[in-house]
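Student:
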Amino acid sequence: MSLQRPNGNSSSSSSPKKHKTEESDEELLMVPDMDAAASTCALSSSADDGVNNPELDPSQNGNSTAKRRRGRNPVDKEYRSLKRLLRNRVSAQQARERKKVYVSDLESRANELQNNNDQLEEKISTLMNENTMLRKMLINTRPKTDDNH
15 MSLQRPNGNS
25 SSSSSPKKHK
35 TEESDEELLM
45 VPDMDAAAST
55 CALSSSADDG
65 VNNPELDPSQ
75 NGNSTAKRRR
85 GRNPVDKEYR
95 SLKRLLRNRV
105 SAQQARERKK
115 VYVSDLESRA
125 NELQNNNDQL
135 EEKISTLMNE
145 NTMLRKMLIN
155 TRPKTDDNH
């Protein structure tokens, strides 16, 4: 999934600035105009590749390290935070899906174990009844001895 950097030309700039947690999904996923997107994409590809761009390589240019220490521009910060927020939402949704699968597996396993337990309890009852019956038969079939001898 590719994201475009937001710019000031989007329709959300005319509305009052909302807190980041209050922004709707539609506002977060809005794509800016193509002219502005092309220029920001070119900036993002060069800004993200510090290795290929000698101006941004800290070992070659001492001024770029000072700029990085001062902080990124607000658009870049907002883009990164929106990107992180979107990744977090996707990750949270995946975690919820995994939890649903896990809970349903646990429930089915609990049902299977309960059924197995019921069958075993029934078998125990049957065997105990059979044991009692056999003991009675054994007592009845023993020859009676005279206690007078």
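Number 89 in my numbering belongs to position 75 of the sequence shown; there are no gaps in the numbering. Positions of the beta carbon are idealized from the N, C-alpha and C atoms, including for glycine.
Mark Tyr93 as exposed unless 16 or more other C-beta atoms lie within 10 angstroms of its C-beta, in which case mark it buried.
Tutor: Its Cβ being crowded by 16 or more others within 10 Å, Tyr93 is buried.
Student: For Arg103, report the span of its alpha helix (DSSP H) as first-last.
Tutor: From DSSP, the alpha helix (DSSP H) with Arg103 extends over Pro88 to Thr155.
Student: Suppose you measure from the CA of Asp63 to the CA of Ser105; what does that come to, to the nearest Å?
Tutor: Note that Asp63 scores 49 on pLDDT, short of 50, meaning its location in the model is unreliable; the coordinates nonetheless yield the value given after this. Going from the Cα of Asp63 to the Cα of Ser105 covers about 26 Å.
Student: If you draw a straight line from the alpha carbon of Met142 to that of Glu136, how long is it in whole angstroms?
Tutor: When rounded, the distance between both Cα atoms is 10 Å.
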